[in-house]
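Numbering (our numbering), first residue to last: 2 to 136. Each residue gets a CB set at the ideal place from its N, CA and C atoms; glycine is no exception. Remember, it's a predicted structure, so these values are computed and weren't measured experimentally.
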């Protein structure tokens, strides 16, 4: 497995911390103190974001082991930008809600900047997968 520099580990920790703090400020107050019952979609989104923030806290201590959490974050935001925001922008249907979410999604640009790509390729692409049947 390639060596991951201390600088890269701290970069990952910073990403996890930014995400955890951001969600702690934005999501957790509404999770803890919501007055009315949430609808299905709002409840799912808030609970998933709360769980994601907790996983990012773990990522501060174990930045390499928690990389799949950052893969998920980068993947869903990239897909949303391509499938929802880009067509809305191209058709002139970009409203304030889509624009706000697009800006929130674009913050994910910090993830590939901090990602230890040599490690990711060696660990998740080149390394053989786990066995599929008993030895």
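- In the structure shown, residue 65 adopts coil according to DSSP, grouped into three states.
- For the options 72, 44, 27, 26, the alpha carbon positioned closest to that of residue 122 is the one of 72.
- In the structure shown, the three-state DSSP call for residue 12 is helix.
- Of the residues assessed, residue 64 falls on the buried side of the cut-off, its CB having 16 or more other CB atoms within 10 angstroms.
- The beta carbons of residue 54 and residue 24 sit about 4 Å from each other, so the pair counts as a contact at 8 Å.
- By the Cβ-count criterion, residue 136 is exposed, with fewer than 16 other Cβ atoms from all chains shown falling within 10 Å of its own Cβ.
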